[in-house]
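Single-structure report; data block below.
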Amino acid sequence: MNFQKAELVISAPDKKSWPDSDLPEIVLAGRSNVGKSSFINAMCNRKKLAYVGNSPGKTRLLNFFNLDDKYMFVDVPGYGYAKISKAQLIKFGQMMEDYFSERSQKKGLVLIVDARHKPTDDDITMIEFARYYEIPVCVVATKMDKLKSSQRHKQLKLIRQTLELSEDEKLFPFSSETKQGIDEVWEYLIPIFES
Ligand code: GTP
Ligand code: MG
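Using the working numbering, you'd call the opening residue of the sequence shown number 1 and step up by one each time.
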């Protein structure tokens, strides 16, 4: 989708820095390096809105992106990065707990997974968080372009089963490279933003 304005409002280390806004928010979470920032860029048809990097695990902040003063995407730092310290891990858990328990404009969670891999326990924890707080969840299986067409169906099935997705929890095949899935994900997200 094209937005007149798409900008990073703030990278917030803690709840004191969350933007004072009443825009509806959708949270994007996933393992480090899975393609969250690329997903944001692809969805907003921008090349460099969100930082796409080669140094996974660097950002430990919630990044709030304002889209036309209408919607907000909240990019969660990637988890599951091996070199993270225990203290950082605790801080991350606290940050997510604060967000889910206190941010009333949260509307949904998009869990981003790598289509090539089985979701991890961290992915399950993240989806459980959203289910616990009763916000709608969908899963985006990105990097589909890296799978052979013969493997696609099998991988999607594995993801669905591992995360125990219910009927209402949609799974979208996606690729920031080929742009597969953008329209389908927007079609799903708009009613959630506007709910
Ligand atoms: P962190 O912020 O470090 O957690 O990473 P991230 O989840 O934001 O991942 P990012 O978007 O920075 O992408 C990581 C790497 O994967 C980059 O080299 C991207 O170019 C690549 N990548 C992301 N999405 C895709 C995709 O759909 N297809 C392919 N082939 N590469 C992708
Ligand atoms: Mg990122």
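Quick reminder that beta carbons are idealized off the backbone N, C-alpha and C, glycines included.
A quick note: this is a predicted structure, and the numbers were derived from the prediction, not measured.
Where residue i sits in the DSSP three-state scheme
i	result
Arg160	helix
Phe205	Examination of residue 205 is not possible in this model, given that the chain is present from 1 through 195 alone.
Ala50	coil
Met72	strand
Ser17	helix
Asn41	helix
Lys118	coil
Ile10	strand
Glu169	coil
Lys107	strand
Ile135	coil
Cβ of residue i within 8 angstroms of any chain D Cβ
i	result
Ala115	Among the chains in the structure shown there is no chain D, since it carries only a single protein chain.
Buried or exposed by the 16-neighbour rule on C-beta atoms within 10 Å, applied to residue i
i	result
Glu102	exposed
Gly240	Limits of the chain in this structure are 1 at one end and 195 at the other, which puts residue 240 out of reach.
Trp18	buried
Gln155	buried
Ser195	exposed
Ser149	exposed
Leu89	exposed
Glu128	exposed
Ser37	buried
Glu25	buried
Lys118	exposed
Tyr132	exposed
Alpha helix (DSSP H) segment containing residue i, residue limits
i	result
Lys86	86 to 102
Phe129	121 to 132
Limits of the beta strand (DSSP E) - the one that residue i falls within
i	result
Cys33	Contrary to the premise, residue 33 reads as Asn rather than Cys in this sequence. Premise fails: Asn33 is in no beta strand (DSSP E) and is neither H nor E.
Gly80	No beta strand (DSSP E) holds Gly80; DSSP gives it neither H nor E.
Thr178	Element bounds for Thr178: n/a, residue is neither H nor E.
Leu147	Premise fails: Leu147 is in no beta strand (DSSP E) and is neither H nor E.
Leu67	62 to 67
Practice task
Spell out a yes or no on whether the stretch 173 to 183 and the stretch 138 to 145 are touching, meaning 3 or more CB-CB pairs, one atom from each, closer than 8 angstroms.
Solution key: yes
Exercise for the section: Would you be able to state if there are at least three C-beta pairs under 8 angstroms between the stretch 181 to 192 and the stretch 94 to 101? Expected result: no
Handout entry: the stretch 30 to 42 contacting the stretch 161 to 173, beta-carbon criterion three pairs below 8 angstroms
Key = No: fewer than three Cβ pairs fall under 8 angstroms.
Handout entry: the stretch 110 to 122 / the stretch 30 to 50 touching (three or more Cβ pairs under 8 angstroms)
Key = yes
Practice task
Report yes or no: do the stretch 33 to 49 and the stretch 67 to 87 share at least 3 C-beta pairs separated by less than 8 angstroms?
Solution key: Segments in contact, yes.
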